[in-house]
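**Q** Handing you this structure, nothing more for now.
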Amino acid sequence: MKNLQLIGLFLVVAGSFLPLVHIPVVGNWSYWKIDHTLAIAVWGFSLLTLVFILIDKSKSVKIMVFLMILLFVFTIVAVKLKSLDYFSFLPFKSWRSTFAGIVKLSWGWFIEFLGVVIILIASRKNRVEPQKAQKQIKKRTKRKF
Numbered sequence: 449m450k451n452l453q454l455i456g457l458f459l460v461v462a463g464s465f466l467p468l469v470h471i472p473v474v475g476n477w478s479y480w481k482i483d484h485t486l487a488i489a490v491w492g493f494s495l496l497t498l499v500f501i502l503i504d505k506s507k508s509v510k511i512m513v514f515l516m517i518l519l520f521v522f523t524i525v526a527v528k529l530k531s532l533d534y535f536s537f538l539p540f541k542s543w544r545s546t547f548a549g550i551v552k553l554s555w556g557w558f559i560e561f562l563g564v565v566i567i568l569i570a571s572r573k574n575r576v577e578p579q580k581a582q583k584q585i586k587k588r589t590k591r592k593f
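Read left to right, the sequence shown gives residues 449 to 593 (my numbering).
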């Protein structure tokens, strides 16, 4: 399962370099262009997740995944609120919301969330240990005559 977790972690890190926000005049922004602090936080969480994957701390990996999901949701909300703030000089609220609506989320978010979901699914441990499973199979196959 470590390989699948590492693939998910790769998707998270790669997703931070992909376009996350599209602004028509300016272009596409990655995490670094959105905010340096948030980008460093994503990379720091990714590094901690890598360490926890390598030392096989499943509970810590799950905690880091939930922290990354919270960070992604926080970033999306912050981008939407900041886009409303950018156009605060406009006199009417309807104009502000119209111009703020041109700031669109891009396809990089799909890669980010896909990565954390893969890590979360792969970090789930099997409840049945292999030795117990073999004993259960042997019990089922024994026939009473």
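Glycine included, each C-beta is placed from N, C-alpha and C at the ideal position.
Since we're looking at a predicted model, the values are computed, not measured.
So, does the stretch 508–517 touch the stretch 530–542, judging by three or more C-beta pairs under 8 angstroms?
**A** No, the stretch 508–517 is not in contact with the stretch 530–542.
**Q** Evaluate S571 with the Cβ neighbour count: other Cβ atoms within 10 Å of its Cβ, from every protein chain shown; 16 or more gives buried, anything less gives exposed.
**A** When all chains shown are included, S571 counts as buried.
**Q** Whole angstroms is fine: what's the gap from L498's alpha carbon to F522's?
**A** Answer to the nearest angstrom: the Cα atoms are 22 angstroms apart.
**Q** Which full runs of the alpha helix (DSSP H) of 4+ residues lie inside the stretch 449–533, going along the chain?
**A** As far as the stretch 449–533 is concerned, its whole alpha helix (DSSP H) runs of at least 4 residues are 450–463, 479–482, 484–502.
**Q** Report all residues from its chain with a CB closer than 7 angstroms to the CB of I566; omit the five preceding and five following residues, and keep chain order.
**A** Excluding positions up to five away in sequence, the list reads L452, I455, G456, L459.
**Q** For L562, does the three-state DSSP call read helix, strand or coil?
**A** Helix.
**Q** Sort D504, G475, V490 by Cα distance to S554 and report the nearest one.
**A** Here the closest residue by C-alpha is G475.
**Q** By how many angstroms is the C-alpha of I559 removed from the C-alpha of L486?
**A** So the two alpha carbons sit approximately 17 angstroms from each other.
**Q** If distances are taken between C-alpha atoms only, which option among F540, S506, A548, G556 comes closest to K528?
**A** Looking at the Cα atoms, A548 is the closest of the given residues.
**Q** Can you tell me whether L553 is helix, strand or coil according to DSSP?
**A** Correct three-state label for L553: strand.
**Q** Would you report the Cα separation of M512 and Y479, rounded to the nearest angstrom?
**A** So the alpha carbons of these two residues sit roughly 18 angstroms apart.
**Q** Is the separation between the beta-carbon of S508 and that of V461 shorter than 7 angstroms?
**A** It is not a contact, given that the beta carbons lie outside the stated cut-off.
**Q** With H, G and I counted as helix, E and B as strand and the rest as coil, what does DSSP make of S571?
**A** Three-state DSSP puts S571 in coil, outside helix and strand.
**Q** Buried or exposed, going by whether 16 or more other CB atoms sit within 10 Å of the CB of I501?
**A** By the neighbour-count rule (16 or more Cβ atoms within 10 Å), I501 is buried.
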